[in-house]
Every structure is written in C-alpha cells, then in structure tokens.
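Participant:
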C-alpha cells in the first residue's frame with residue numbers, strides 16, 4: 001500500500017487527494033516540520049543541539065526522528081563531498097540513448113556503469129534520452145580517458161551527448177516546510 005504524507009502544504013486538499021487513492025495516511029504536525037526544517041538546514045547538528053533548536057527533549061526528538069525514518073521521510077544523513085576540493089574540477093552530464101531492442105539493455109548498462117568510479121549519478125528518463133550520467137574528472141585529459149576507455153565501452157549505447165557543466169547554480173535546495 002502506498003503511503004500519503006499529509007501536513008506539508010494544504011492539509012484539506014492533501015486529505016481530499018489521499019481519499020481518492022488507496023493509501024496509508026501519515027500526518028506531519030508542526031513539530032515534525034520544525035524538526036525537518038532544522039535538520040535540513042544543518043544536518044551536522046548534534047542531537048542535543050537539534051532538540052534545543054526544536055524546543056523538545058532529546059527523548060522526544062529521538063522518537064520523532066525514528067518515526068520520520070520508519071515512515072521513509074528521512075532516508076538517512078550523509079556527508080556532502082566537494083569534488084573540486086578533491087581535485088575533480090570537471091563535471092560532464094552525459095545523455096545516453098540505449099538500444100531498446102536488446103532485452104537486458106538497461107540492466108547490462110547500469111551494471112557496467114556502476115563499475116566506473118567517476119560516474120557519481122545515474123538517472124533514467126522517459127523520452128528520447130534514456131539515461132543521464134554525471135561524470136567527474138580531474139581535468140579534460142582525464143575526462144577524455146574516462147570517456148574513451150570507460151564510457152564508450154558501456155553496453156547498449158546507440159547515442160550519447162555530452163554537456164559540460166559551466167557552473168552549478170542550484171543544488172539540493174531545502175524543501176519549504
């Protein structure tokens with residue numbers, strides 16, 4: 001059964017929508033939203049700092065965090081790595097079209113692409129482009145090596161288009177809670 005999260009925006013409208021589909025309702029209250037807002041703003045806060053900012057005890061915070069994780073709203077907390085600080089100054093977005101006449105085209109492609117350490121993100125799409133890969137490299141020479149020796153040898157590719165990232169304008173913006 002699908003889970004419907006209510007209480008993010010307009011509860012009345014959300015509830016009407018949730019009633020039209022078969023779903024388990026999970027209600028966010030003001031405290032849940034406060035916890036998510038603070039946690040989203042600074043994931044490095046210690047539990048005591050987060051509890052203090054949210055105006056609750058650490059025990060109550062732990063229960064609410066567990067509830068949000070059990071509901072699948074919070075999947076985890078992870079470090080954000082600055083690839084440029086590690087010497088990877090080039091990021092390229094590759095739009096890939098696969099040969100869909102091959103039965104396992106997607107599975108074979110993803111299995112092989114996962115083995116390329118410089119591929120930091122993979123997404124699938126509906127439409128002309130099937131897959132988007134984000135590839136990082138130290139410089140253009142390194143990227144050429146990755147592209148020729150690792151990317152072009154991936155199975156099932158019928159077309160590929162490279163887009164060079166010039167600037168990152170917006171990334172991982174917080175959800176307005």
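Residue numbers (the UniProt record's numbering): 1 to 177. From the three backbone atoms N, C-alpha and C, an ideal C-beta is built for every residue, glycine too.
What residue range is occupied by the uninterrupted beta strand (DSSP E) comprising residue 151?
Facilitator: Residue 151 -> no beta strand (DSSP E), and no H or E assigned at all.
Participant: Pairing CB atoms from the stretch 94 to 113 with CB atoms from the stretch 122 to 136, are three or more of them under 8 angstroms?
Facilitator: Output reads yes: the stretch 122 to 136 touches the stretch 94 to 113.
Participant: Taking residue 100 as the reference, give the member of 158, 37, 172 with the closest Cα.
Facilitator: The residue with the shortest Cα to Cα distance from residue 100 is 158.
Participant: So which of 118, 122, 90 has the shortest CA-CA distance to residue 139?
Facilitator: Per the Cα distances, 90.
Participant: Note down the Cα distance separating residue 93 from residue 126, rounded to an integer number of angstroms.
Facilitator: Rounded to the nearest angstrom, the two C-alpha atoms are 17 angstroms apart.
Participant: Mind checking residue 123: buried by the 16 CB within 10 Å criterion, or exposed?
Facilitator: Counting Cβ neighbours within 10 Å, residue 123 comes out exposed, since fewer than 16 surround it.
Participant: In whole angstroms, what separates the C-alpha of residue 142 from that of residue 97?
Facilitator: Rounded to whole angstroms, residue 142 to residue 97 spans 23 angstroms at the Cα level.
Participant: Less than 7 angstroms separating the beta-carbons of residue 151 and residue 83?
Facilitator: Not closer than 7 angstroms, so no.
Participant: Could you pull the start and end residues of the alpha helix (DSSP H) that residue 30 belongs to?
Facilitator: First-last of the alpha helix (DSSP H) with residue 30: 30 to 41.
Participant: Please list the terminal residues of the continuous alpha helix (DSSP H) segment that includes residue 67.
Facilitator: Here the alpha helix (DSSP H) through residue 67 covers 58 to 70.
Participant: Residue 57 to residue 33, Cα distance in whole Å?
Facilitator: If I take the Cα positions, the gap works out to 16 angstroms.
Participant: Restricting to runs no shorter than 4 residues, where is the alpha helix (DSSP H) found entirely within the stretch 84 to 157?
Facilitator: Complete alpha helix (DSSP H) runs here, min 4: 105 to 113, 140 to 146.
Participant: Closest to residue 149 by CA distance: which of 120, 115, 169 is it?
Facilitator: Minimum Cα distance to residue 149 is reached at 115.
Participant: For residue 120, which option in 105, 104, 146 has the closest C-alpha, if you only look at C-alpha atoms?
Facilitator: Per the Cα distances, 146.
Participant: Pop quiz: residue 50 and residue 39 are said to be a contact at Cβ under 8 angstroms. What is the actual Cβ separation, rounded to whole angstroms?
Facilitator: The pair is a contact, with the Cβ atoms about 6 angstroms apart (cut-off 8 angstroms).
Participant: For residue 154, count the other beta carbons within 10 Å of its own beta carbon; 16 or more makes it buried, fewer makes it exposed. Which is it?
Facilitator: Classification for residue 154: buried.
Participant: Considering only their Cβ atoms, is the gap separating residue 68 from residue 74 smaller than 7 angstroms?
Facilitator: Closer than 7 angstroms, so yes.
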